[in-house]
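Be aware that the sequence shown starts at 5, since it is given in the numbering used here, and climbs by one per residue.
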Amino acid sequence: MAGSPTARRRRLSIELKKLREANALTCAQVGAALDWSGSKVNRMETGSGRVQPSDIDALCRFYDTGDELREFLKSLARQAKTRGWWQVHGSGAVPTWFSIYIGLEQDASTFRQYQCEVLPGLMQTPAYARELHTTGAHVRPEDIERAVKVRLERQTMLTGPQAPDAWFVVNEAALRNVIGDRPLMREQLERVLESSELPSVTVQVLPFDSGTYPTTGSFTMLGFPDPEDPDLVYRDGITDAVYLEGEHHVREYTRAFDGLRAAALSPQRSAQLIKSVVKEYA
Numbered sequence: 005m006a007g008s009p010t011a012r013r014r015r016l017s018i019e020l021k022k023l024r025e026a027n028a029l030t031c032a033q034v035g036a037a038l039d040w041s042g043s044k045v046n047r048m049e050t051g052s053g054r055v056q057p058s059d060i061d062a063l064c065r066f067y068d069t070g071d072e073l074r075e076f077l078k079s080l081a082r083q084a085k086t087r088g089w090w091q092v093h094g095s096g097a098v099p100t101w102f103s104i105y106i107g108l109e110q111d112a113s114t115f116r117q118y119q120c121e122v123l124p125g126l127m128q129t130p131a132y133a134r135e136l137h138t139t140g141a142h143v144r145p146e147d148i149e150r151a152v153k154v155r156l157e158r159q160t161m162l163t164g165p166q167a168p169d170a171w172f173v174v175n176e177a178a179l180r181n182v183i184g185d186r187p188l189m190r191e192q193l194e195r196v197l198e199s200s201e202l203p204s205v206t207v208q209v210l211p212f213d214s215g216t217y218p219t220t221g222s223f224t225m226l227g228f229p230d231p232e233d234p235d236l237v238y239r240d241g242i243t244d245a246v247y248l249e250g251e252h253h254v255r256e257y258t259r260a261f262d263g264l265r266a267a268a269l270s271p272q273r274s275a276q277l278i279k280s281v282v283k284e285y286a
């Protein structure tokens with residue numbers, strides 16, 4: 005079973021939708037049979053509404069499920085209500101739309117990310133992360149420090165006993181885009197080199213002379229250990245994020261990432277390029 009509350013909520017939504025579709029019913033039909041609205045059923049299946057254990061009891065009686073499945077779903081519903089470690093820092097440090105992503109990231113078994121403007125968050129130094137957050141409009145200093153703390157805590161996923169298979173493709177522009185000052189960038193690139201030596205991490209640089217490549221911006225792909233939890237694609241902006249879960253989206257982004265890996269330098273040559281840029285910042 006997935007570990008974070010976000011992942012449990014997502015798994016519960018998937019299971020409830022599977023039950024309804026197995027019975028060839030619409031949300032409106034299920035809602036009418038249980039004296040609920042069809043929108044309530046839809047919210048349960050999309051993870052946008054709380055699901056009570058009593059709701060699970062009603063649905064399982066209606067679908068005529070076994071006791072084992074009912075207890076499993078009730079357990080998911082109860083555990084989905086718990087708070088993730090990152091939520092204690094408040095919405096000023098972690099916006100709601102990004103909180104969802106962190107919860108899913110914590111349970112990923114595979115991690116694929118392309119960054120075209122800044123270096124990956126899971127490799128950022130405190131100074132680099134702080135500088136990025138400082139550029140936000142109307143951000144309170146205390147929220148900046150909380151946001152940096154959350155980012156640093158997220159990085160432990162790369163060094164833990166269940167670290168995901170993480171693969172990063174970074175555009176050369178991110179290496180040369182000076183955030184803060186040159187000493188800060190030197191320290192940051194040294195951190196990237198350290199991270200690239202972790203057994204579960206692969207880093208490739210997409211050089212300026214790589215030609216055309218199949219992407220229009222940064223994105224992250226998360227894969228999960230349970231085959232019942234489908235892969236997803238995450239893209240974020242300034243005020244919101246997009247989560248793509250359909251097979252078509254995942255397939256096309258997988259192709260794009262494979263194309264980026266093919267166009268990028270090998271991990272060894274990438275490390276050499278990063279080291280040469282570190283010297284330039286000396």
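Glycine is no exception: its CB is placed at the ideal position from the N, C-alpha and C atoms.
### Query
In the structure shown, what three-state DSSP assignment does His93 receive?
The predicted position of His93 is uncertain, since its pLDDT is 49 and thus under 50; a value taken from the coordinates is nonetheless stated next. His93: helix per DSSP, three-state reduction.
### Query
Would a C-beta distance cut-off of 8 Å place Leu123 and Glu176 closer than the cut-off?
no
### Query
Leaving out five residues before and five after Glu19 in sequence, what residues of the same chain have Cβ atoms less than 7 Å from its Cβ?
Leu77
### Task
Determine the closest residue to Pro203 out of Phe228, Leu188 and Thr163, with distance taken between C-alpha atoms.
Thr163
### Message
Tell me which residues share the same chain as Tyr257 and place their Cβ nearer than 8 Å to its Cβ, disregarding the 5 neighbours each side in the sequence.
### Response
Result list for Tyr257: Phe223, Met225, Val237 and Leu248, in chain order.
### Query
Are the CB atoms of Thr287 and Arg186 nearer to each other than 8 Å?
For the chain, the structure presents residues 5 to 286; residue 287 sits outside this window and is missing.
### Query
When you compare only the Cα positions, how much space is there between Thr114 and Lys21?
Distance between Thr114 and Lys21, taken at the CA atoms: about 25 Å.
### Message
Quick check: the Cα distance between Phe66 and Asn46, rounded to an integer number of angstroms?
### Response
16 Å
### Assumed close pair Glu251, Arg15 - CB separation to whole angstroms, cut-off 8 Å
Not a contact, Cβ separation roughly 18 Å.
### Message
If you measure between the beta carbons of Phe172 and Val207, is that distance less than 8 Å?
### Response
In contact: Phe172 and Val207 (Cβ atoms closer than 8 Å).
#### Entry: Close-in-space but distant-in-sequence residues of the same chain around Leu269 (CB under 7 Å, 5 per side omitted)
Gln208, Val209, Pro211 and Leu277
### Which residues DSSP lists as bridging Tyr118, in chain order
Val173 and Phe223
#### Entry: Coil, strand or helix - Arg144 by DSSP
coil
### Message
Once DSSP output is grouped into helix, strand and coil, what is the label at Gln33?
### Response
helix
### Proximal residues to Arg155 (C-beta, below 7 Å), its chain only, five neighbours per side dropped
Gly125, Gln128 and Ala133
### Task
Could you tell me which residues DSSP pairs with Thr206 in its beta bridges?
Trp171
### Task
Express the C-alpha separation of Glu49 and Gln166 in angstroms, rounding to a whole number.
29 Å
### Message
DSSP three-state label for Tyr247, please.
### Response
Secondary structure at Tyr247: strand, using DSSP grouped into helix, strand and coil.
### Query
Of all the beta strand (DSSP E) runs that stay within the bounds of the segment 231-285, which reach a length of 3 or more residues?
236-240 and 245-248
### Message
Just to confirm, is the Cβ distance from Asp111 to Ala245 under 8 Å?
### Response
Their beta carbons are not under 8 Å apart, which means Asp111 does not touch Ala245 by this criterion.
### Query
How many Å lie between Thr160 and Gly42 at the Cα?
42 Å
### Task
Please report how far the alpha carbon of Trp101 lies from the alpha carbon of Leu108, in whole angstroms.
12 Å
### Task
For the segment 11-85, list the alpha helix (DSSP H) runs that are entirely contained and at least 4 residues long, ordered along the chain.
31-37, 42-50, 57-67 and 71-83
### Between the CA atoms of Arg74 and Leu197 - distance to the nearest angstrom
48 Å
### Query
In chain order, what residues of the same chain have a beta carbon less than 8 Å from the beta carbon of Asp59, not counting five sequence neighbours either side?
Met48 and Ala81
### Query
Can Ala36 be considered in contact with the ligand ZN, in the sense that its beta carbon sits closer than 7 Å to one or more heavy atoms?
Among the components of this structure there are no ligands whatsoever, and the ligand ZN is therefore not found.
### Task
Could you tell me the distance, in whole angstroms, from the CA atom of Val205 to the CA atom of Pro168?
8 Å
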